[in-house]
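Residue numbers (the working numbering): 14 to 421.
Positions of the beta carbon are idealized from the N, C-alpha and C atoms, including for glycine.
The block underneath contains the structure these notes are about, expressed in structure tokens.
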Ligand code: HEM
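Written out as structure tokens, the structure is:
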């Protein structure tokens, strides 16, 4: 029985994924109304297939889409609909490509790498407070502060406003959880509206006085006629929403993996040059965003089977990354794994635009933590992971540390 909201799934989704991979045909998962692709080769093929698209409007008429939105109760929230539900992630074809190129340019590898010192300073400040405590919650006290702060900084938000960004992002995204109520809906719409108003002010300020930040790059793109203001705001919201929770989750599961494999943690302490590979292995081993969907934009044949137009597929990135046909000893956490062509950031037209940034956050946090401690252990029993198909990470992770220097 495939039940991603069960405790058994949260404890170990990988044995359920292994069952799916053994089946001859993609499993039809009624709750998501989707055929689940679980093998690496199939997920890879689907993510690259231009006839497998993200948005319904690639093949449906707008009235029918509106009807679908009402059926799912995804309507009556004008700002959430305008800025969140129709982000660049939910586009295909020319519009998607146009917006994607703008973000690729603004969030270039060089621009991201320039942030290393700033990230390191911020992480050190947090560690200055946490290490003397000797025991803290790695997720709540450390991981959950970093990505929102860094993305806020990159966007050009003043430091003192970054915590507010985090709350908005969480309130906007919780709307997509199952079991949502009218209260959740109101929370999402209110947060979107407040964030929208805040961004409008920031955009106006950067239009008169540009700085070296993401908002200024996006404003320049708007002024050059490459995007409109609604797309600009939606893109800022997506960048925050896409990078906040996912990075927190993989930081938590990555820390847990290191603690559960002390030989690998020792290896990384001895050879810090392995950090890049170690972080990639964390993404493979516990992919924080294990599920994304696609629709068939026309009737298509996949592995010899015909699917009608509009069929929904689930791309199980988390399962693909544990497929033994692609990764030898796939269930082993090996920080030296090479090659490691994991698919945690997706592939093809929608390949993650924030992968350099999230890897940089991870590298800095783990490097500073290992440099500033001698020992990191779990004081409690095993952590509890989220029961979800679309997110993977520990709810919390208490760690007991021995600092490498005496702190008064
Ligand atoms: C733990 C970190 C992250 C993971 C695992 C992750 C994963 C992904 C995946 C799998 C996709 C493709 C979705 C699909 O196939 O439909 C994606 C798209 C995207 N990600 Fe990330 N992401 C992460 C962090 C970030 C960060 C930090 C940012 C921004 C700073 C970001 C921005 C985006 C954007 C804008 C897209 C949409 C790309 C498009 O549709 O063309 N992500 N991400």
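What number of angstroms, rounded off, separates the C-alpha of residue 434 from the C-alpha of residue 330? The requested residue 434 does not occur in the structure, where the chain is confined to residues 14 to 421.
Note down the Cα distance separating residue 114 from residue 323, rounded to an integer number of angstroms. So the two alpha carbons sit approximately 27 Å from each other.
Which stretch, first to last residue, makes up the alpha helix (DSSP H) that contains residue 367? Per DSSP, residue 367 belongs to no alpha helix (DSSP H) and is neither H nor E.
Where residue 105 falls, given that 16 or more other Cβ within 10 Å makes a residue buried: Residue 105 should be labelled buried.
Say yes only if the C-beta of residue 168 is nearer than 7 Å to one or more non-hydrogen atoms of ligand 3, and no if none qualify. For the structure depicted, ligand 3 is absent and the ligand set comprises only ligand 1.
Give me whichever residues DSSP pairs with residue 318 in a beta bridge. Paired residue(s): 315.
Please state whether the Cβ-Cβ distance between residue 269 and residue 416 is less than 8 Å. Their beta carbons are not under 8 Å apart, which means residue 269 does not touch residue 416 by this criterion.
Beta-carbon within less than 8 Å of residue 381's beta-carbon, same chain only, minus the 5 sequence neighbours each way: which residues are those? The answer, listed in chain order, is 133, 136, 137 and 140.
What's the C-alpha gap between residue 117 and residue 304? Rounded to the nearest angstrom, the two C-alpha atoms are 23 Å apart.
Leaving out the 5 sequence neighbours to the left and right, which residues in its chain are closer than 8 Å to residue 19 when beta-carbon positions are compared? Excluding its 5 nearest sequence neighbours in each direction, residue 19 has C-beta neighbours in its own chain below 8 Å: 400, listed in chain order.
Which of helix, strand or coil DSSP assigns to residue 275: Secondary structure at residue 275: helix, using DSSP grouped into helix, strand and coil.
Beta-carbon within less than 8 Å of residue 319's beta-carbon, same chain only, minus the 5 sequence neighbours each way: which residues are those? 312 and 313.
Residue 250, DSSP secondary structure in three states: Here residue 250 sits in helix by DSSP.
One or two residues paired with residue 416 in a DSSP bridge: Looking at the DSSP output, residue 416 shares a beta bridge with 386.
Which residue or residues does DSSP assign as beta-bridge partners of residue 50? Note: residue 50 sits in a beta bridge opposite 328.
Do residue 33 and residue 27 count as a contact pair if the criterion is CB distance below 8 Å? No; because the gap between Cβ atoms is not below 8 Å, this pair is not in contact.
Please determine if the segment 373-389 and the segment 333-351 are in contact, where contact requires at least 3 C-beta pairs separated by less than 8 Å. The segment 373-389 makes no contact with the segment 333-351; the number of CB pairs closer than 8 Å stays below 3.
Taking 8 Å as the cut-off, decide whether the C-beta atoms of residue 227 and residue 267 are in contact. Result no, Cβ atoms of residue 227 and residue 267 do not sit closer than 8 Å.
Counting only runs that start and end within the segment 177-242, where is the beta strand (DSSP E) found for 3 or more residues in a row? Secondary structure in the segment 177-242: no beta strand (DSSP E) run of 3 residues or longer lies completely within the stretch.
Length of the line joining the Cα atoms of residue 197 and residue 52: Approximately 35 Å between the Cα atoms of the pair.
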